[in-house]
Amino acid sequence: MTKKLLTQIKNEWLSNLWLVLELLVVSVVMWYVVDYLYTRAATYLEPRGFNIEHCYLIELGELTPKSPDYVAGYTSQQTHDDIAELLDRLRRRPEIEAVSLSQNSYPYNGSNSGAEVSYDTLRSPGWTIRRLVTPDFPRVFRYRGTRGETPEQLAEMLERGEFMASDNLYRKYDRRMTDLVGQRFYL
Numbered sequence: 303m304t305k306k307l308l309t310q311i312k313n314e315w316l317s318n319l320w321l322v323l324e325l326l327v328v329s330v331v332m333w334y335v336v337d338y339l340y341t342r343a344a345t346y347l348e349p350r351g352f353n354i355e356h357c358y359l360i361e362l363g364e365l366t367p368k369s370p371d372y373v374a375g376y377t378s379q380q381t382h383d384d385i386a387e388l389l390d391r392l393r394r395r396p397e398i399e400a401v402s403l404s405q406n407s408y409p410y411n412g413s414n415s416g417a418e419v420s421y422d423t424l425r426s427p428g429w430t431i432r433r434l435v436t437p438d439f440p441r442v443f444r445y446r447g448t449r450g451e452t453p454e455q456l457a458e459m460l461e462r463g464e465f466m467a468s469d470n471l472y473r474k475y476d477r478r479m480t481d482l483v484g485q486r487f488y489l
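Counting from 1 along the sequence shown, just add 302 to a position and that's the residue number in this note's numbering.
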């Protein structure tokens, strides 16, 4: 009986080889798919350093003279005052936690402003992203500082006009920004 089984296995080894090869291909493809999905999910779920939950974006623009709502003779100071009034009204709403005005600064924004930042002999790359924000910006997105600062402490730093930068500003010089806290930078 055993001899008959061994003879049958020997005679069918080619079809068994194809079966093993097929299982190998399926295993490799499945490993690739599972690895791809896992890395996508892990990347999606990792902390971003900010929180966009319950944040809303209001975009402002100017009307052209072709618009029926255009008001001729409206000065830039009046526009500035209107924006300040809008911010004040939003801040007075009890259901609104924080309001910020910014230029190219909200998370997942595809538009950027650039500037070079210098300190002593250190120069940032020319493509350094510059963000113009009001002090409430860290409160809106709940940013935290590299030294453990709360969003409120970061907002106070912005109110004092202090410069904020991420640790990768001078990465090519192997310098951490926490080593340069309180120093004067040139923009």
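Even for Gly, the Cβ is constructed at its ideal location relative to N, Cα and C.
- When beta bridges are read from the DSSP output, S404 appears opposite V435.
- V331 counts as exposed, since fewer than 16 other C-beta atoms from the protein chains shown sit within 10 angstroms of its C-beta.
- Judged by DSSP in its simplified three-state form, R425 adopts strand.
- Taking C-beta atoms as the reference points, F352 and F487 fail to come closer than 8 angstroms.
- In the displayed model, S329 falls within a helix according to three-state DSSP.
- Counting only residues of its own chain and dropping the five nearest sequence neighbours on each side, P409 has a CB closer than 6 angstroms to the CB of F352 and I354.
- Here the alpha carbon of G428 sits roughly 11 angstroms from the alpha carbon of S420.
- In the pairwise beta carbon analysis, the segment 441 to 459 is classified as touching the segment 395 to 407: at least three pairs are separated by under 8 angstroms.
- Judged by their CB atoms, G447 and L456 are nearer to each other than the 8 angstroms cut-off.
- Counting the other CB atoms within 10 Å of its CB gives P453 a total of 16 or more, which places it among the buried residues.
- For the 8 angstroms CB-CB criterion, L389 and L403 form a contact.
- For N313, the enclosing alpha helix (DSSP H) stretches over residues T304 to N313.
- Beyond the five residues adjoining it in sequence on each side, K474 comes within less than 8 angstroms, by CB distance, of P427 in the same chain, given in chain order.
- Exposure of L359 is indicated by the presence of fewer than 16 other C-beta atoms within 10 angstroms of its C-beta.
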